[in-house]
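Okay, so here's the structure we're looking at.
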Amino acid sequence: MHTSIHGQWSSRLAFILAATGSAVGLGNIWRFPYITGENGGGAFVLVYLACIFLIGLPVMMAEVMLGRKGRHSPINTMSILARENNRSQAWQLIGWSGVIAGFLILSYYSVIAGWSLAYIPRLAMGTFSAVSDLSSTAAIAEFAGGQFNGLIGDYQQLIFWHTLFMIGTMVIISGGVQGGLEKATTFMMPALFALLLILVGYALSTDKFMEGFLFLFKPDFSRALTGKAILDALGQAFFTLSLGMGAIMIYGAYLPKNASIAFTTTMIVIADTSVALLAGLVIFPLVFSNGLEVAGGAGLAFQTLPIAFGQMPYGSIFGTLFFVLLSLAAWSSAISIIEPAVAWLVETDKFNRLSASLLCGIGAWLMGFLTIFSFNIWADVHPLASIGIEKTWFDLLEYVTFNIMMPLGGLFMAIFVAWFINTATTSEELHTSQNSIRFKLWLFLLRYVTPIGVGIVFLNAIGVLKMIGVVA
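Mapping to this note's numbering: the sequence shown position 81 is 91, numbers consecutive.
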C-alpha cells in the first residue's frame, strides 16, 4: 500500500467539501446558466443531468480511485500504477497532461476570477443603481457594456485583480492539505451554499420566480434539441466536475482508505449539480423580472445581471453577495487546479511546500499576462494567424486546455482504469464485489459509454463533426 507524503483529509466530509470545491467554480455559476439560456432551458437541463450521471460520475470515480491507489501526484501515480500493472510508462503522460493543463488553466482562470473580485466594490458602491435613471433599454445595455469593457480594456486594473486572486490562491496552497486546502474549503463551501440560498430567497421575492423555475425545470419538447445543445450539455457535464486535469486525482490521493469512493463521489456530483441549478434559480427570475435577454451568452453574469441588480430593491446588497459567491467558487476551484503541480514539485525532494507554491504561483501569474493583454493591447495579436487560426493568446490557451487536454486526459484515464487495471484491484479499491450489479454497471459505463461520449465532445471541439456535417 502506498502512502502520501502530503498527508490526508481528516475525514470523509473534508474530502467531499474539498472535491466539491474543486468541481464548483465559474463553470457552475457563470457558464451553466448562460448555456442553459442559450439552449432553451428545461430540455437542455434533462440532457445535462443524464450526461452528469452517465459520464461524469463514472469518470470521477475512476479518477479518485487512481489517486487513492497511487497516493502521489498525477505524474507519479500514473507511473506507479502503470508499473504495478505491467503497462507502458507512456501512461505517465496522462499525469503530465493534467499537471500542465492545470498550470495553464490557472493562468487565465485567475484573470477571469479577478473580474468577479472587481465587481464586488462596484456593486457595493451602487454603481449599477444608476441604470434605474436611464429611460431606454439601449441606454441601459450601453451603460453595462461600458462598465465591463472599461474593466477588461484596462490592463492595469486586470493586473491588480489577477494579482490579488493569485496571492490568495497561493497562501491557501502553501498551507498544505489539512492546514491550507481543508481549512479553506471547510469555510468556503458552507459559505458558498449559504450565500446561494440567501440569493435564491431573494429571487423568490420577485414576481417572475415561477417563470424562471419553469424555464429551468419544465422541458419544452415542442422545439427539438439541436446537436449543438446536446454537445453543450455533454461538454458542460464533463468540464464542470474538474475532470481530466489531475485535480480530482490528487484530492483522491489524500482520501482515507476506509472512505467509500462511490458514496463520496456521488455526494460531490449531487452537490456540484445542485449549485448549478440553484444558480439558475437565482439568475433566471432576475433576468425575467427585468425584461432582459435570457440567452445573454457569456456576458450574462457580468453585463446582464448587474443591470438586474441595479434596478431592484436592495440590489446593491444582493449583487455584492452574488459576486462574493462567484469569487468563493472561483477560489475553491483554483486551489485544486494548481495542487497537482505543487505536489509533484514537492515529490522531487527539491522543494518544500512553500517554495513549490511560490514557483507555481509566480509562473501562472506571469503567464496570466498573455490573457490580460489579449483583452486590450494585444486584442489584435493572433500568434497562429499564419496557419489560419485567428485566436488571441487567451483563446488559444482556453481552446487547447478545455477542448483538447482535458477531454483527452479524462478519456485516457477512463480507458486505463476500465481496460488496463485488473478488475480485482479496482473492485477492492471501490469496496465492492466484481459480481455486483453496481460494479458491472460502472465498468460498462466506463468502458463503452464514457469513451464514446467524451470522444464525441473532443471531435466536436476540434471541428471534425462540423467538417463531416454532423453538426451545423
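All residues carry an ideal CB built from backbone N, CA and C; glycine is no exception.
task: Could you name each continuous alpha helix (DSSP H) segment of 4 residues or more that falls completely within the region 283-339, going from the start of the chain to the end?
output: 315-321
Proximity of M377 and S89 at Cβ, strictly below 8 Å: Within the sequence shown, the letter at position 367 stands for residue 377. Within the sequence shown, the letter at position 79 stands for residue 89. For the pair M377 and S89, the CB atoms are not nearer than the 8 Å cut-off.
field: Reference P84; option with closest CA among A92, L67, I104
entry: The residue you call residue 84 lines up with position 74 of the sequence shown. Selected option, being the one with the closest Cα: I104.
message: Give me, in chain order, the residues of the same chain whose beta-carbon lies closer than 7 Å to that of G190; leave out the 5 immediate sequence neighbours on both sides.
response: For this step, residue 190 is matched to residue 180 along the sequence shown. Answer for G190: I182, I183, S184, listed in chain order.
message: Could you tell me the alpha carbon to alpha carbon distance between I15 and F225, rounded to whole angstroms?
response: Translated into the one-based positions of the sequence shown, residue 15 becomes position 5. Translated into the one-based positions of the sequence shown, residue 225 becomes position 215. When rounded, the distance between both Cα atoms is 49 Å.
- prompt: Is A247 near the ligand MN, in the sense that its beta carbon is under 7 Å from a heavy atom of that ligand?
  reply: The ligand content of the structure shown is nil, which means the ligand MN is not present either.
query: Between G80, L440, P295, which lies nearest to F273 when the distance is taken from Cα to Cα?
result: In the sequence shown, residue 273 corresponds to position 263, counting from 1. Nearest of G80, L440, P295 to F273, Cα basis: L440.
field: Host alpha helix (DSSP H) of E94 (start-end)
entry: Here residue 94 refers to the residue found at position 84 of the sequence shown. That run of the alpha helix (DSSP H) goes 84-94.
- prompt: For T442, which three-state DSSP category applies?
  reply: Residue 442 sits at position 432 when you count from the first residue of the sequence shown. Three-state result, T442: coil.
field: With 16 other Cβ atoms within 10 Å as the buried cut-off, status of P323
entry: The count along the sequence shown starts at 1 and reaches residue 323 at position 313. Result: exposed.
- prompt: How about A33 and I278: do their beta carbons lie closer than 8 Å?
  reply: Taking the first residue of the sequence shown as 1, we reach residue 33 at position 23. Taking the first residue of the sequence shown as 1, we reach residue 278 at position 268. Yes.
task: Classify L394 as helix, strand or coil using the three-state DSSP reduction.
output: What you label residue 394 is simply residue 384 of the sequence shown in a count that begins at 1. In the structure shown, L394 sits in coil (DSSP, three-state: anything other than H, G, I, E or B).
- prompt: Nearest-angstrom Cα distance between L380 and P316?
  reply: On the sequence shown, position 370 is the one that residue 380 refers to. On the sequence shown, position 306 is the one that residue 316 refers to. Approximately 27 Å between the Cα atoms of the pair.
query: Is the beta carbon of Q313 sitting closer than 8 Å to the one on A154?
result: Counted from its first residue, the sequence shown places residue 313 at position 303. Counted from its first residue, the sequence shown places residue 154 at position 144. Yes; because the gap between Cβ atoms is below 8 Å, this pair is in contact.
Beta-carbon proximity of L394 to F468, cut-off 8 Å: Position 384 of the sequence shown holds residue 394. Position 458 of the sequence shown holds residue 468. No; because the gap between Cβ atoms is not below 8 Å, this pair is not in contact.
message: Determine whether the beta carbon atoms of A281 and T30 lie at a separation below 8 Å.
response: By 1-based counting over the sequence shown, the position of residue 281 is 271. By 1-based counting over the sequence shown, the position of residue 30 is 20. Closer than 8 Å, so yes.
query: With 16 as the cutoff for other CB atoms within 10 Å, does R93 come out buried or exposed?
result: By 1-based counting over the sequence shown, the position of residue 93 is 83. Counting Cβ neighbours within 10 Å, R93 comes out exposed, since fewer than 16 surround it.
task: Within the same chain, show all residues whose beta-carbon is closer than 8 Å to that of N95, passing over the 5 residues directly before and after it, in chain order.
output: Position 85 of the sequence shown, counting from 1, holds the residue named residue 95. The answer, listed in chain order, is F430, I431, N432, T435.
G17: first and last residue of the uninterrupted alpha helix (DSSP H) it sits in: Your numbering for residue 17 matches position 7 in the sequence shown. No alpha helix (DSSP H) contains G17, which DSSP labels as neither H nor E.
- prompt: Where does the unbroken alpha helix (DSSP H) through S384 begin, and where does it stop?
  reply: The count along the sequence shown starts at 1 and reaches residue 384 at position 374. Counting along the chain, the alpha helix (DSSP H) containing S384 begins and ends at 363-384.
- prompt: Skipping 5 residues on each side, what residues in its chain have a beta carbon closer than 7 Å to that of G160?
  reply: Numbered from 1 along the sequence shown, position 150 holds the residue referred to as residue 160. Cβ within range, chain order: n/a, list empty.
field: Limits of the unbroken alpha helix (DSSP H) element including M415
entry: As a position in the sequence shown, residue 415 is number 405, starting the count at 1. Per DSSP, M415 belongs to no alpha helix (DSSP H) and is neither H nor E.
- request: Say whether the region 56-65 touches the region 236-251, bearing in mind that this needs 3 or more beta-carbon pairs closer than 8 Å, one atom from each stretch.
  value: yes
query: Between which two residues does the alpha helix (DSSP H) containing E221 stretch?
result: One-based indexing of the sequence shown puts residue 221 at position 211. From DSSP, the alpha helix (DSSP H) with E221 extends over 219-227.
- prompt: First and last residue of the alpha helix (DSSP H) that includes I387?
  reply: Position 377 of the sequence shown holds residue 387. It is not in any alpha helix (DSSP H) - I387 carries neither H nor E in the DSSP assignment.
message: Comparing C-alpha positions only, which one of D242, L59, T179, A111 sits nearest to S120?
response: Locating residue 120 in the sequence shown gives position 110, where the first residue counts as 1. Minimum Cα distance to S120 is reached at T179.
message: So the candidates are P295, I348, F170, S443; which of them puts its Cα closest to the Cα of G47?
response: Residue 47 sits at position 37 when you count from the first residue of the sequence shown. Selected option, being the one with the closest Cα: P295.
- prompt: Does DSSP classify T275 as helix, strand or coil?
  reply: Taking the first residue of the sequence shown as position 1, residue 275 is located at position 265. Reduced to three states, the DSSP call for T275 is helix.
task: Could you tell me how far apart the beta carbons of E357 and H82 are, in whole angstroms, since I believe they sit closer than 8 Å?
output: Counted from its first residue, the sequence shown places residue 357 at position 347. Counted from its first residue, the sequence shown places residue 82 at position 72. Right, their Cβ atoms sit about 6 Å apart.
message: Can you confirm whether the region 67-82 touches the region 210-224 when touching is taken to mean that 3 or more C-beta pairs between the two stretches lie within less than 8 Å?
response: no
- request: Taking all protein chains shown into account, decide if N268 is buried (16 or more other Cβ within 10 angstroms of its Cβ) or exposed.
  value: Taking the first residue of the sequence shown as 1, we reach residue 268 at position 258. Burial call: exposed.
- request: Go through its chain and collect everything with a Cβ distance to L206's Cβ below 8 Å, but skip five positions before and after it.
  value: Here residue 206 is taken as the residue at index 196 of the sequence shown, counted from 1. If the five residues before and after L206 are omitted, its C-beta is found closer than 8 Å to the C-beta atoms of V285, L288, A289, V292, L335, all from its own chain and listed in chain order.
task: Pick out whichever of S21, A72, G52, A134 has its Cα sitting closest to the Cα of E438.
output: Translated into positions along the sequence shown, residue 438 becomes position 428. Answer by Cα proximity: A72.
- request: In the DSSP assignment, find the alpha helix (DSSP H) that holds S117 and state where it starts and stops.
  value: By one-based count along the sequence shown, residue 117 stands at place 107. For S117, the enclosing alpha helix (DSSP H) covers residues 102-134.
query: How big is the Cα-Cα spacing for K238 and G35?
result: Walking along the sequence shown from the start, residue 238 turns up at place 228. Walking along the sequence shown from the start, residue 35 turns up at place 25. C-alpha of K238 to C-alpha of G35: approximately 23 Å in a straight line.
- request: Specify, as a first and last residue, the run of the alpha helix (DSSP H) that E408 falls within.
  value: On the sequence shown, position 398 is the one that residue 408 refers to. Taken as a continuous stretch (DSSP letters only), the alpha helix (DSSP H) holding E408 covers 403-408.
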